[in-house]
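Colleague:
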Ligand SMILES: Nc1ncnc2c1ncn2[C@@H]1O[C@H](COP(=O)(O)OP(=O)(O)OP(=O)(O)O)[C@@H](O)[C@H]1O
Ligand SMILES: [Mg+2]
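In this note's numbering, the protein residues as written are 36 to 306.
#1: So is residue 287 buried or exposed if we call it buried at 16+ other beta carbons inside 10 Å?
#2: So which residues touch the region around ligand 2, with touch meaning a C-beta under 5 Å from any heavy atom?
#3: Could you please give me the residues that DSSP links to residue 293 through a beta bridge?
#4: With DSSP run on the structure shown, which of helix, strand or coil describes residue 40?
#5: Need the endpoints of the alpha helix (DSSP H) that residue 181 sits in, please.
#6: Which residues in the same chain have their Cβ closer than 7 Å to the Cβ of residue 110, if we skip the five residues on either side of it in sequence?
#7: Tell me, please, whether the region 245-255 touches the region 273-289 by the rule of three or more beta-carbon pairs shorter than 8 Å.
#8: Starting from residue 130, follow the alpha helix (DSSP H) in both directions and report where the run begins and ends.
#9: Does the beta-carbon distance from residue 90 to residue 123 come in below 7 Å?
#10: How is the beta strand (DSSP E) around residue 164 delimited, first residue to last?
#11: Suppose only complete runs of 3+ residues qualify. What are the beta strand (DSSP E) ranges in the region 44-130, listed by chain order?
#12: Is it true that the region 136-155 meets the region 79-90, where meeting means three or more beta-carbon pairs spaced less than 8 Å apart?
#13: Are the region 59-67 and the region 259-272 touching by the rule of at least three beta carbon pairs closer than 8 Å?
#14: What's the gap between the Cα of residue 273 and the Cα of residue 205?
#15: Could you give the distance in angstroms between the alpha-carbon of residue 74 and the alpha-carbon of residue 120?
#16: How big is the Cα-Cα spacing for residue 289 and residue 43?
#17: Taking 7 Å as the threshold (C-beta atoms), are residue 181 and residue 216 in contact?
#18: Restricting to Cα atoms, I'd like to know which of 209, 207, 231, 283 is closest to residue 218.
#19: Which of the three DSSP states is assigned to residue 174 in this structure?
#20: Which two residues bound the contiguous alpha helix (DSSP H) that contains residue 303?
#21: Taking 6 Å as the cut-off, is the C-beta of residue 48 nearer than that to any heavy atom in ligand 1?
#22: If you draw a straight line from the C-alpha of residue 238 to the C-alpha of residue 196, how long is it?
#23: In the DSSP output, which residue or residues are listed as bridge partners for residue 196?
#24: Check whether the Cβ atoms of residue 243 and residue 210 sit closer than 7 Å, and answer yes or no.
#25: Report yes if the C-beta of residue 243 is less than 6 Å from at least one heavy atom of ligand 1; otherwise report no.
#26: For residue 198, tell me which candidate among 189, 165, 37 has the shortest Cα-Cα distance.
#27: For residue 91, is the beta carbon positioned less than 6 Å from some heavy atom of ligand 1?
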């Protein structure tokens, strides 16, 4: 089972947007996927349901022994379930964050998900590389870093790459960087192009995802409606929904997720 954290040093770069829509696209591709809101702020829930604060989730599974099946929410797609952050009392948040900072805290949860047959667990994390996010990164197999196309990007990106290299120096099985996905890209803006070129110059080419997420008002629309971009109806899907499908295909290859029947180059539609 792959455990993929969506993390970045900087806040507001599109981690939650990426976690929700990538999980949706991966599930559509047939992978048994679990989306986990590991951000104590509960951003996944806030983006998907007006009553998100009422849902139990990761907090209750790990602190109150609530059964996984009771906390994992069904979705419109059979292959996708969601574990929300949970109802964390405000006076318990710092204790909860401190416990997540321990790199072993999620191990029992991952064991349950693995036993339940999940192929992929995607975790939305708080921004920063310290505290809970550091603990989550220490317990995940992989990380995807969304990076906004802006001048500050390069500095935070290099710090992130250094940090992840350091984790691997400490332990070679530590979380490996799957790639950096550029977000909120304005293709028509010349400065954006320069930043993209600079990022491609300093990072090994295989670490820069080919899928680049455009800045698109559909993201805010989808979040107001509490749905992934791929569920927006009424005309053609927004272009960014298709870019998430492209990203999912790319990540699938990078993670080595291959269904046995897909290992041939020739795949017949008719079975
Ligand atoms: N591609 C996009 N186009 C337009 N708006 C976007 C895009 N991606 C994200 N946004 C908007 O940017 C804001 C930040 O996005 P998001 O919450 O996904 O970032 P985040 O990295 O999870 O933030 P935080 O660090 O606070 O957890 C949100 O209002 C979201 O709707
Ligand atoms: Mg977020």
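Glycine included, C-beta positions come from ideal geometry on N, C-alpha and C.
Modeller: From the atom records:
#1: Residue environment: residue 287 is assigned as buried (16 or more neighbouring CB atoms within 10 Å of its CB, all protein chains considered).
#2: So the residues near ligand 2 by this Cβ test are 50, 51, 78.
#3: Residue 293 pairs with nothing; no bridge assigned.
#4: strand
#5: From DSSP, residue 181 is part of no alpha helix (DSSP H) but of the beta strand (DSSP E) over 177-183.
#6: 116, 117
#7: Flag = yes, the region 245-255 and the region 273-289 touch.
#8: Note, residue 130: alpha helix (DSSP H), 128-135.
#9: In this structure, residue 123 does not lie closer than 7 Å to residue 90 by Cβ.
#10: Note, residue 164: premise wrong, no beta strand (DSSP E); not H, not E.
#11: 68-72, 115-118
#12: no
#13: yes
#14: Taking the straight line from one Cα to the other gives about 43 Å.
#15: Cα to Cα, residue 74 sits roughly 7 Å from residue 120.
#16: 19 Å
#17: yes
#18: 231
#19: helix
#20: Here residue 303 belongs to no alpha helix (DSSP H), and DSSP marks it neither H nor E.
#21: yes
#22: 9 Å
#23: Per DSSP, none; premise fails for residue 196.
#24: no
#25: The closest heavy atom of ligand 1 lies 6 Å or more from the beta carbon of residue 243.
#26: Out of 189, 165, 37, 165 has the C-alpha closest to the C-alpha of residue 198.
#27: no
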